[in-house]
Amino acid sequence: MAKLKLFVKISLLNLLFLCNYNFGQGLDNYDFSKAEYSVDLPKELKEISGLTIGKNERVFAHNDEYGMVYELNPNTGQIIKEFQIGSSKIKDDFEDITFVNDLFYLLNSKGDLLVFPEADNKEFVIYKKYRTGLNSKYDTEGLCYDKSINSLLIASKESVKKSSKKYIFRFDLQNNKLNEEPFLVIDLSKIKKGKKKEEFKPSAIIKNEKSNTYFILGGKSLALIELNRKSEIINQIELNDKYHFQPEGMIILKNGDLLISDEAEKKKGSITLYKSKKDSK
Numbered sequence: 009m010a011k012l013k014l015f016v017k018i019s020l021l022n023l024l025f026l027c028n029y030n031f032g033q034g035l036d037n038y039d040f041s042k043a044e045y046s047v048d049l050p051k052e053l054k055e056i057s058g059l060t061i062g063k064n065e066r067v068f069a070h071n072d073e074y075g076m077v078y079e080l081n082p083n084t085g086q087i088i089k090e091f092q093i094g095s096s097k098i099k100d101d102f103e104d105i106t107f108v109n110d111l112f113y114l115l116n117s118k119g120d121l122l123v124f125p126e127a128d129n130k131e132f133v134i135y136k137k138y139r140t141g142l143n144s145k146y147d148t149e150g151l152c153y154d155k156s157i158n159s160l161l162i163a164s165k166e167s168v169k170k171s172s173k174k175y176i177f178r179f180d181l182q183n184n185k186l187n188e189e190p191f192l193v194i195d196l197s198k199i200k201k202g203k204k205k206e207e208f209k210p211s212a213i214i215k216n217e218k219s220n221t222y223f224i225l226g227g228k229s230l231a232l233i234e235l236n237r238k239s240e241i242i243n244q245i246e247l248n249d250k251y252h253f254q255p256e257g258m259i260i261l262k263n264g265d266l267l268i269s270d271e272a273e274k275k276k277g278s279i280t281l282y283k284s285k286k287d288s289k
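My numbering puts the first residue of the sequence shown at 9, with every later residue one more than the last.
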């Protein structure tokens, strides 16, 4: 009888997962063997890091050295506008950016968040800083918004203690505080190493609202994984090194297409687009 109850419980949990996961809307919704296009970026974005979508579905990016935000044409990579954070240029190690309720959130590697509205072209904007409680030992790299919990998710590239796991933390926008317990845990032993044999170190994270899962980039490893809410890796692929050197940012456009930004080594930064296989309207 106890075994029957356990079987029913497991079956119900599996059914709940199947109801919440939309097959064909996760990583399997893209053909990563061939990009739709890959375009070089202007010199200002050689060190491009994060991507986000602002008002009216416009695409924004930043570089990882200075507090500058750029609006991009996602088809050509050309800069449409740019604005500065603060009255004087800030030099820091900026890692990712997201946009929530008319505000940008910019993450640095020490876990700090700079919060500010959009400014006009060539202007500057006043910002507010939040210290999340994470620090440089975590080397925070990825940032996204999860509207289901009204929180920012912060991906750390490193673990404070030697570990085979990487962690995603939750920063609650209701009280602007970090939950110290990891929201998601990445088990590195479950990730296959690709041709580069690099360790998976999270460089970007996004919530896929269609599949109710999370896409996480692994930087120089060129790995891209998909996690469910139980931290299970349900998909993983290796990006084509023809298009990617060091993927740093990622967004899903309104039509479902996936756009990935790459930092350059000696050449130019780039953005690469993968078409959605399904109509996402």
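Heads up, the beta-carbon is just placed ideally off N, CA and C, and yes, glycines get one too.
Residue i - DSSP class collapsed to helix/strand/coil
| i | result |
| --- | --- |
| D110 | coil |
| E273 | coil |
| N263 | coil |
| L35 | helix |
| N71 | strand |
| G227 | helix |
Contact under 8 Å by Cβ, residue i with residue j
| i | j | result |
| --- | --- | --- |
| L37 | I56 | In the sequence on display, residue 37 carries Asn and not Leu. Result no, Cβ atoms of N37 and I56 do not sit closer than 8 Å. |
| L142 | F177 | yes |
| T84 | I259 | no |
| D100 | G58 | no |
| Q244 | K201 | no |
| Y222 | E207 | no |
| I241 | G34 | no |
Straight-line gap, residue i to residue j (C-alpha atoms, nearest Å)
| i | j | result |
| --- | --- | --- |
| F91 | Q254 | 25 Å |
| V249 | F40 | Correcting the residue identity first, residue 249 is Asp in this sequence and not Val. For D249 and F40, the distance between alpha carbons rounds to 11 Å. |
| F124 | I268 | 24 Å |
| L192 | S95 | 37 Å |
| N8 | L181 | Residue 8 cannot be examined here, being either before or after the span of the chain that is shown, 9 to 289. |
| Y138 | L161 | 14 Å |
| N81 | I88 | 7 Å |
| D265 | K218 | 12 Å |
| E271 | E73 | 12 Å |
Contacting residues, own chain, Cβ-Cβ under 8 Å from residue i (five flanking each side not counted)
| i | result |
| --- | --- |
| S46 | Y251, S278, I279, T280 and L281 |
| P210 | E149, G150, A163, S164, K165, K174, I176, I194, I224, L225, G226 and G227 |
| K204 | K228, S229, L230 and D249 |
Same chain only: Cβ atoms within 6 Å of residue i, ignoring 5 sequence neighbours per side
| i | result |
| --- | --- |
| A127 | F91 and V133 |
Own chain partners of residue i with C-beta closer than 7 Å, once the 5 adjacent residues on each side are dropped
| i | result |
| --- | --- |
| Y146 | G119, S164, E166 and V168 |
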